[in-house]
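Taking it in order: structure first as C-alpha cells, then the write-up.
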Amino acid sequence: MTPFQRQVYALVAEIPRGRVLSYGAVAALLGRPRSARAVGGALSLTPDDLELPWWRVISGSGRISTSPIHHTAQIQRALLEDEGVEFTESGRIDRERFEWDPEETDGRDD
DNA sequence: ACAATGACATAAG
DNA sequence: GCTTATGCCATTG
102 MTPFQRQVYA
112 LVAEIPRGRV
122 LSYGAVAALL
132 GRPRSARAVG
142 GALSLTPDDL
152 ELPWWRVISG
162 SGRISTSPIH
172 HTAQIQRALL
182 EDEGVEFTES
192 GRIDRERFEW
202 DPEETDGRDD
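Residue numbers for the first sequence, in the working numbering: 102 to 211.
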C-alpha cells in the first residue's frame, strides 16, 4: 500500500451514487493531472476487502476502460446503470451530465 | 537506480 | 468518430 493509492481510494470513495469520474479527473483532483495512468494502476491493486465504488471511474472519453482480469465491462456497466447512469447508443456516458463535481456536492446524495 | 508494465490521455492519420 | 502512435506516472522486479 502506497500513499498515492490511499489518496486515490479516499477520493474515489467520495464519489456519490449515480455520478462518475474519469481517471484523469481523479488524478487532477489529487494534484497530479498527468498521472491518470497511475490512477488505473492503483485501482487495479485495490484490495477486495475495501469498499470502494471503483465502477464510478471511467475513461476520459466516457467509455468503460477496465481490465477483464478483475471484472468485465458488462458488470461495470450494469452497476452504473443500476445507479441511474445513462449510456448512449455507442456505449458512452455524457460526462457533462454525470461527471461528479466535488465543489457542488453538499453531501445530500448517496 | 534502470527497465518493464498497465483500469490513461492526447495528438495524428 | 475510430484506430494508431507517443507521452506520462506510480509500482515492481
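The beta carbon of each residue, even a glycine, is placed where N, CA and C say it ideally should be.
Assign residue i to one of three DSSP states: helix, strand, or coil.
i, result
"Ile170", "coil"
"Leu153", "coil"
"Val127", "helix"
"Glu200", "strand"
"Leu146", "coil"
"Ile176", "helix"
"Val186", "coil"
What does residue i pair with, by DSSP beta-bridge criteria?
i, result
"Leu112", "DSSP, once it has assigned bridges, lists no residue as partnering Leu112."
"Ile194", "Partner(s): none; Ile194 has no beta bridge."
"Val158", "Leu122"
Run the proximity test for residue i: is its beta-carbon closer than 7 Å to any non-hydrogen atom belonging to the ligand SAH?
i, result
"Ala174", "This structure lacks the ligand SAH, and indeed carries no ligand of any kind."
Measure the C-alpha to C-alpha separation of residue i and residue j and round it to an integer number of angstroms.
i, j, result
"Leu122", "Met102", "22 Å"
"Val186", "Pro134", "25 Å"
"His172", "Ala128", "22 Å"
"Leu151", "Arg138", "21 Å"
"Ser160", "Gly125", "8 Å"
Would you call the segment 104-115 and the segment 140-157 touching, i.e. three or more CB-CB distances under 8 Å? The count of Cβ pairs closer than 8 Å, one atom from the segment 104-115 and one from the segment 140-157, reaches three, so the stretches are in contact.
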